[in-house]
Amino acid sequence: MTEKIKDLVDHAKTAGEDPAEEGGVTEILLVWAGLMGLLILTLALHFLPLGPASLPIALAVAAAKMGLVLAFYMHLKYRPPLVWLFAAAAFVWLSILFGISLSDYLTRHWILISP
Amino acid sequence: MTDTQSAPSEIELKNPGLASHFESYRQQHRAATLGMWLFLGSELMLFGGMFLGYTVYRVAYPNAFAQMSARMHLWLGTINTAILLSSSATMALAVHFARARDMKRARNLLIPTALFGAAFLCVKLYEWSLEYQEKLVPIIGWDFDPAGVEAGPAKLFMSFYFAMTGLHTVHLTIGVGLLITLIILLTRRKIPPENPDKVEIIGLYWHLVDLIWIFAYPIYYLAS
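Below, the structure written as structure tokens:
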């Protein structure tokens, strides 16, 4: 048991620091190709008659691009969980901001029907 | 209290670029990374407020916003997105080479990154000049002609557009300035291969500028 804990601690001490473990040139270029592909996809989807779903779909593709940049270019994939926490914290705050604000604005025109 | 500058100690000579309050490069790198992410978080909050403002008014005036979005210059926006995505790729390559201690290649890849940034600025300024000619700039005293769209919401859309792309452009210009500084530092070999953190940190900032544009692009250009 103590061996396992020791291994975990050692791994945590050295995790996310070795440049050789991070993505190489090939990975960076593959991610670039993926990003450009997503750009072409979002542009193509723009020309389809998707109605009111077009903006959420475009934002979903944008979120996929964001995921690629965050994980590979900003090296989150190769960093210890504490860095993930710092990165996630901003998005958690944004979700609170959007969640509570939109709970007001999206329900402005709801009519309460008394039982 | 006098500031006494003594000769570099043995530790400092053996560990160039290691600040005195750190035990190791690893510790310094971790601190730098966490500190930068904290700053990036604050930047996300800054732009997050603007995104929320846009969202609220889009919920209030969906038709007017969709119509105004159709009047945006889609191809210029798309070209700009491609430019920034490519600049992120060259920046990631520069950071990769800097971390691999190949400072010369890192410098050589920062140059196209800065050029991509400058190209984005040129396209953006050209696009703004087009919008000025089309009388879509909502400044008091200037002609505003939304051509068939309700004037109030049209002004709101354009206000958010100029505020957000304007603030983004300011961030991008600062980023280009930082890149030029890095290029000069690397050319003068002021960044030791043992500690390439500066390149990585500025890379994180540059990727954030890209991320903001990745979300600004669909809400203005693809929202019809």
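Note that the protein sequences, when read in sequence, are chains V and A. According to this note's numbering, the first sequence holds residues 1 to 115 in order. According to this note's numbering, the second sequence holds residues 1001 to 1224 in order. Even for Gly, the Cβ is constructed at its ideal location relative to N, Cα and C.
Chain A within 9 Å of residue i, Cβ atoms only
i              : result
P115 (chain V) : no
P80 (chain V)  : yes
S103 (chain V) : no
T42 (chain V)  : yes
P49 (chain V)  : no
K77 (chain V)  : no
K65 (chain V)  : yes
Chain V within 9 Å of residue i, Cβ atoms only
i               : result
A1060 (chain A) : yes
Contact belief for residue i with residue j at Cβ below 8 Å, rounded distance in angstroms
i               : j               : result
N1080 (chain A) : F1120 (chain A) : 5 Å
A1094 (chain A) : V1199 (chain A) : 6 Å
F1116 (chain A) : V1137 (chain A) : With 8 Å as the limit, F1116 (chain A) and V1137 (chain A) do not qualify as a contact, their Cβ atoms being about 27 Å apart.
F1097 (chain A) : A1089 (chain A) : About 13 Å separates the two Cβ atoms, so there is no contact after all.
Straight-line gap, residue i to residue j (C-alpha atoms, nearest Å)
i               : j               : result
I1212 (chain A) : Y1132 (chain A) : 24 Å
I1011 (chain A) : Y1025 (chain A) : 12 Å
G1166 (chain A) : G1175 (chain A) : 14 Å
L1052 (chain A) : H109 (chain V)  : 19 Å
R1099 (chain A) : L1186 (chain A) : 13 Å
N1108 (chain A) : W1037 (chain A) : 26 Å
L1076 (chain A) : D1102 (chain A) : 35 Å
H1168 (chain A) : S101 (chain V)  : 23 Å
G37 (chain V)   : L1040 (chain A) : 26 Å
T42 (chain V)   : Y1057 (chain A) : 23 Å
S54 (chain V)   : T1078 (chain A) : 17 Å
Y945 (chain A)  : L112 (chain V)  : Since the first residue shown for chain A is 1001 and the last is 1224, residue 945 (chain A) is missing from the structure and cannot be characterised.
N- and C-terminal bounds of the alpha helix (DSSP H) containing residue i
i               : result
R1105 (chain A) : 1103-1133
H1073 (chain A) : No alpha helix (DSSP H) holds H1073 (chain A); DSSP gives it neither H nor E.
W1142 (chain A) : No alpha helix (DSSP H) holds W1142 (chain A); DSSP gives it neither H nor E.
M74 (chain V)   : Unbroken run through M74 (chain V): none, as it is neither H nor E.
F1047 (chain A) : 1025-1060
F950 (chain A)  : Residue numbering for chain A in the displayed model covers 1001 to 1224; residue 950 (chain A) lies beyond these limits and cannot be assessed.
E1150 (chain A) : Looking at the DSSP string, E1150 (chain A) is not in any alpha helix (DSSP H), and its letter there is neither H nor E.
I100 (chain V)  : 81-105
F1215 (chain A) : 1197-1221
Contact set between residue i and chain A, taken where Cβ atoms lie within less than 8 Å
i             : result
E22 (chain V) : H1096, R1099
Residue i: contacting residues in chain A (beta-carbon distance under 9 Å)
i              : result
H46 (chain V)  : L1074, P1218, Y1221, L1222, S1224
W93 (chain V)  : G1041, L1044, M1045, G1048
A53 (chain V)  : Ordered by position in chain A, no residue passes the 9 Å Cβ test against A53 (chain V), which lies about 12 Å from the chain.
W110 (chain V) : Near W110 (chain V) there are no residues of chain A at all, since even the closest Cβ is about 13 Å away, more than 9 Å.
Where residue i meets chain V, residues with beta-carbon distance less than 9 Å
i               : result
T1055 (chain A) : F98, S101, L102, Y105
S1086 (chain A) : W32, L35, M36
T1113 (chain A) : Those within 9 Å of T1113 (chain A) in chain V number zero; the least Cβ separation is about 12 Å.
L1052 (chain A) : L94, L97, F98, S101, L102
Chain-ordered chain V contacts of residue i [CB-CB under 7 Å]
i               : result
A1092 (chain A) : I28, Y73
Interface residues of chain V facing residue i [CB-CB closer than 8 Å]
i               : result
E1204 (chain A) : Going by the sequence as given, residue 1204 (chain A) is Leu instead of Glu. Near L1204 (chain A) (Cβ distances below 8 Å), the residues of chain V are M74.
D1145 (chain A) : Result: empty, since nearest Cβ-Cβ is about 25 Å, beyond 8 Å.
L1038 (chain A) : F86
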